[in-house]
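Notes follow once the structure below has been shown.
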Amino acid sequence: DAKTTQPPSMDCAEGRAANLPCNHSTISGNEYVYWYRQIHSQGPQYIIHGLKNNETNEMASLIITEDRKSSTLILPHATLRDTAVYYCIARRLVSIQGAQKLVFGQGTRLTINP
Amino acid sequence: ETGVTQTPRHLVMGMTNKKSLKCEQHLGHNAMYWYKQSAKKPLELMFVYSLEERVENNSVPSRFSPECPNSSHLFLHLHTLQPEDSALYLCASSQDLEGEQYFGPGTRLTVT
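Written out as structure tokens, the structure is:
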């Protein structure tokens, strides 16, 4: 799985859009970009994933650059409850026996300020 | 609520004790996972089960023993642990080995 690089921390004002960057310059063609978040003392929560097209769901939007070497997770109207560590993961999906691992890095600690 | 529950939420045990962590998923998923999250370290995958068969054992010491009696339940049996085993133990499930994983709230384990 490709290594991902994220800033260690970010701040965002409540009500504003939070844009979390992720670099994955060594990503291969069959690796998806996954985003999870972990609120303090809870288990990680799946947010969104994509391959090359931009994706949107009820939680967030995922913008992947055309060369797929980086992506941005967008929380359109951040609330205090969005304060968490956000993990960007590059992951292959191949139907073979043996799981494709979710390799969590250090993530970005996002703090939403009132 | 993610549909994945873990009990107990907190556990303190001595190094000579034997205890078990329990995970249950109510999502109809076929794959289940154990992760360990130590302070200031990334999540580490420990075990993976698919259709009740273990498909991955990530070089975990034998003092951790997983059990998957059916696709809804996963246990982690603990014996003669060390203080460095103190961590948050997280269970997750996914529809299959490729699907997105849904995590439980974790068990905070302290070994004294």
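If you read the sequences in order, they're chains A and B. Each residue of the first sequence is one higher than the one before, counting from 1 in the numbering used here. Each residue of the second sequence is one higher than the one before, counting from 1001 in the numbering used here. Beta carbons are placed, not taken as given, at the ideal position from N, Cα and C, and that holds for glycine.
Checklist entry - Rounded C-beta distance between L20 (chain A) and L102 (chain A)? I'm assuming under 8 Å. => result That pair is no contact at about 17 Å.
Item to check | Where S1059 (chain B) falls, given that 16 or more other Cβ within 10 Å makes a residue buried | outcome: exposed
Next on the checklist: Looking at the strands, I want to know which residues DSSP matches up with V1004 (chain B).
Outcome noted: B:Q1025
Checklist entry - For the beta strand (DSSP E) that K1036 (chain B) lies in, which residues bound it at each end? => result 1031-1037
Checklist entry - Apart from the five residues just before and just after E14 (chain A), which ones in its own chain have a Cβ nearer than 7 Å to its Cβ? => result A78, T79, L80, I112, N113, P114
Item to check | Selection from A:D11, A:A17, A:Y34, A:A84 that minimises the alpha carbon distance to N23 (chain A) | outcome: A:Y34
Checklist entry - Listing by chain order, which chain A residues have their CB less than 7 Å from the CB of Y1101 (chain B)? => result Here residue 1101 (chain B) turns out to be Gln, not Tyr, going by the sequence shown. Neighbours of Q1101 (chain B) on chain A, chain order: Y46, L102.
Checklist entry - Which first and last residues belong to the beta strand (DSSP E) in which M1046 (chain B) is found? => result 1044-1050
Item to check | Member of B:H1079, B:K1019, B:K1040, B:C1023 whose CA lies at the smallest distance from the CA of N1070 (chain B) | outcome: B:C1023
Checklist entry - Do you know whose CA, among B:Y1102, B:T1110, B:L1021, B:P1042, lies nearest G1028 (chain B)'s CA? => result B:Y1102
Checklist entry - Expressed to the nearest angstrom, what Euclidean distance is found between the alpha-carbon atoms of N53 (chain A) and K1018 (chain B)? => result 49 Å
Checklist entry - When you compare only the Cα positions, how much space is there between C1091 (chain B) and M1032 (chain B)? => result 7 Å
Next on the checklist: Let me make sure I understand the geometry here. Which of B:E1084, B:A1039, B:L1021, B:P1066 has the alpha-carbon closest to that of V1111 (chain B)?
Outcome noted: B:E1084
Item to check | Inside the segment 38-81 of chain A only - beta strand (DSSP E) runs reaching at least 3 residues | outcome: 45-50, 61-64, 70-75
Checklist entry - Which residues, in order along the segment 1001-1013 of chain B, keep a beta-carbon less than 9 Å from a beta-carbon of chain A? => result T1002, V1004, Q1006
Next on the checklist: I want to see whether chain A comes within less than 8 Å of L1076 (chain B), judged by CB atoms only; does it?
Outcome noted: no
Checklist entry - For S1062 (chain B), which option in B:H1010, B:M1046, B:H1073 has the closest C-alpha, if you only look at C-alpha atoms? => result B:M1046
Checklist entry - Beta-carbon separation of W1034 (chain B) and L1097 (chain B) under 8 Å? => result no
Next on the checklist: Give me the DSSP bridge partner(s) of L110 (chain A).
Outcome noted: A:M10, A:A84
Item to check | Whole-angstrom C-beta distance between L1109 (chain B) and F104 (chain A), which should lie under 8 Å | outcome: That pair is no contact at about 19 Å.
Checklist entry - Could you give the distance in angstroms between the alpha-carbon of T56 (chain A) and the alpha-carbon of K3 (chain A)? => result 24 Å
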